[in-house]
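Here is the structure we will look at, set down as structure tokens.
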Amino acid sequence: MKNSVMHFQAFLTALQFLTVFPVRFKSYPNETVVGLSLIYYPLVGAIIGGVLFTVSYFFQGMASPVLAAFLLIVWVVCSGALHLDGFADSVDAFMAGHSLHSEGSPEEQKNLKKERILSIMKDPTSGPVAVVALVLLLLLKFALLHSLIEYGLWYVLVLSPLIGRAFLPVVLLTTPYVRENGSGSWLVDYAPKDIVWPGLAVLTIGLIALFGAWLFVTLICCLFVFLGVRMYLMARIGGTTGDTAGGILEVIELMFMLFGVMLIQAM
90 MKNSVMHFQA
100 FLTALQFLTV
110 FPVRFKSYPN
120 ETVVGLSLIY
130 YPLVGAIIGG
140 VLFTVSYFFQ
150 GMASPVLAAF
160 LLIVWVVCSG
170 ALHLDGFADS
180 VDAFMAGHSL
190 HSEGSPEEQK
200 NLKKERILSI
210 MKDPTSGPVA
220 VVALVLLLLL
230 KFALLHSLIE
240 YGLWYVLVLS
250 PLIGRAFLPV
260 VLLTTPYVRE
270 NGSGSWLVDY
280 APKDIVWPGL
290 AVLTIGLIAL
300 FGAWLFVTLI
310 CCLFVFLGVR
320 MYLMARIGGT
330 TGDTAGGILE
340 VIELMFMLFG
350 VMLIQAM
């Protein structure tokens, strides 16, 4: 009974952290519950996907561009723009850090750039580069949503938030977390890896069995995108932060829709 309550609290913790859905606790969950919440991230993504499908079903009479814009707004609102903020902060920080020039050995320059990047990432304001990157990301999402509607690929719409959030545990458990007191430090320290990895494996196998070869190839493509981004993060800051993890989620969602549409059409 106690174990069931803890899992339910973990689910509510994931729901509270990843969405704007009204979830309240009398006291903040302990570190064990916070770590356990990581296994429920894909489920929260499935709930968001379900909301998008429900909205698209009830408003299917709308013109495709209008419905695509409406779905994008609902998608952003559901997550509270949390991951979009991380994406924008990451772009801002890495672009500014890239332009930093300093004296000293290569190792000293690398450390200075790392500190500069992490410092900018904590700044709540966004520069023009971040704004442009955010607009382009949303524009691409809108175009892909329009394509999904036109081709009737509703299952890709439902799966996109799920896959994006399923990658968050992969990011956090395979990449060093560079902020000791960051929002993801408890997740990394207390995540039950003996449950998370088998859970992700079962989820992946189940989805591939259900949706077939196109999903398998799409996931492989998304995995290569993640590995490329991870390699860049390791080279620049030696790991990940909450902002970069959110940015990766946004990129994976976008790539999943892009590769999914391309592969389904090709097959």
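In terms of my numbering, the sequence shown opens at residue 90 and continues consecutively. Glycine included, C-beta positions come from ideal geometry on N, C-alpha and C. Nothing here was measured: the structure is a model prediction, and the numbers come from that model.
Exposure label - residue i; buried when at least 16 CB within 10 Å
{"i": "R113", "result": "exposed"}
{"i": "V180", "result": "buried"}
{"i": "V350", "result": "buried"}
{"i": "S93", "result": "exposed"}
{"i": "K211", "result": "exposed"}
{"i": "P213", "result": "exposed"}
{"i": "P287", "result": "exposed"}
{"i": "K230", "result": "buried"}
{"i": "A290", "result": "exposed"}
{"i": "A81", "result": "Residue 81 lies beyond the range of the chain shown here (90 to 356); nothing can be said about it."}
Neighbourhood of residue i by C-beta, 7 angstroms cutoff - its chain only, sequence neighbours within 5 removed
{"i": "R254", "result": "L107, Y130, P131, V133, G134 and L338"}
{"i": "I353", "result": "L242 and W303"}
{"i": "Q98", "result": "P118 and V122"}
{"i": "L160", "result": "L141, V144, S145 and L234"}
{"i": "L101", "result": "V112"}
{"i": "L71", "result": "There is no way to answer for residue 71, as the model of the chain reaches only from 90 to 356."}
{"i": "I284", "result": "I128"}
{"i": "L292", "result": "P131 and A255"}
Pick from the options that is closest to residue i, judged by C-alpha positions
{"i": "P217", "options": "A185, L227, V260 and S208", "result": "A185"}
{"i": "V245", "options": "L299, A152 and W286", "result": "L299"}
{"i": "I309", "options": "L276, M210, F348 and F100", "result": "F348"}
{"i": "M95", "options": "V109, F110 and G124", "result": "G124"}
{"i": "T280", "options": "I128, S116, P111 and F100", "result": "As written in the sequence, residue 280 is Ala, which differs from the Thr given in the question. Of I128, S116, P111 and F100, the residue nearest in Cα terms is I128."}
{"i": "M320", "options": "I284, D212, P265 and P213", "result": "P265"}
{"i": "V155", "options": "Q105, E204, S236 and T214", "result": "S236"}
{"i": "I294", "options": "S215, F305 and C311", "result": "F305"}
{"i": "T329", "options": "V144, F100, E269 and L160", "result": "E269"}
{"i": "G327", "options": "K202, P111, P250 and K115", "result": "K202"}
{"i": "W275", "options": "E239, V221 and E120", "result": "E120"}
{"i": "G150", "options": "D278, E204 and E239", "result": "E239"}
{"i": "F110", "options": "L171, S116, A158 and F148", "result": "L171"}
{"i": "A232", "options": "F147, A157 and A324", "result": "A157"}
{"i": "V267", "options": "K115, A324, F148 and F147", "result": "A324"}
Beta-carbon separation (whole angstroms), residue i vs residue j, contact threshold 8 angstroms
{"i": "V247", "j": "G169", "result": "In fact, because the Cβ distance is near 20 angstroms, the residues do not count as touching under 8 angstroms."}
{"i": "S126", "j": "A103", "result": "4 angstroms"}
{"i": "C362", "j": "I252", "result": "Residue 362 is absent from the model: the chain starts at 90 and stops at 356."}
Chain-order list of residues whose beta-carbon lies under 6 angstroms from that of residue i (same chain, five-residue window excluded)
{"i": "I162", "result": "none"}
{"i": "A182", "result": "I206, I209 and M210"}
{"i": "Q105", "result": "V112"}
{"i": "V165", "result": "none"}
{"i": "V221", "result": "none"}
{"i": "I137", "result": "C167 and P250"}
{"i": "S215", "result": "A177 and D181"}
Own chain partners of residue i with C-beta closer than 8 angstroms, once the 5 adjacent residues on each side are dropped
{"i": "T307", "result": "F345, F348, G349 and L352"}
{"i": "L322", "result": "T264, G328, T329 and T333"}
{"i": "D278", "result": "E120 and G124"}
{"i": "A148", "result": "Contrary to the premise, residue 148 reads as Phe rather than Ala in this sequence. L156 and F159."}
Handout entry: Cβ pair count under 8 angstroms reaching 3, the segment 332-346 against the segment 219-234
Key = yes
Practice task
Kindly confirm or deny that the segment 304-315 and the segment 255-265 touch, where touching means at least three C-beta pairs closer than 8 angstroms.
Solution key: yes
Practice task
Please determine if the segment 160-176 and the segment 328-338 are in contact, where contact requires at least 3 C-beta pairs separated by less than 8 angstroms.
Solution key: yes
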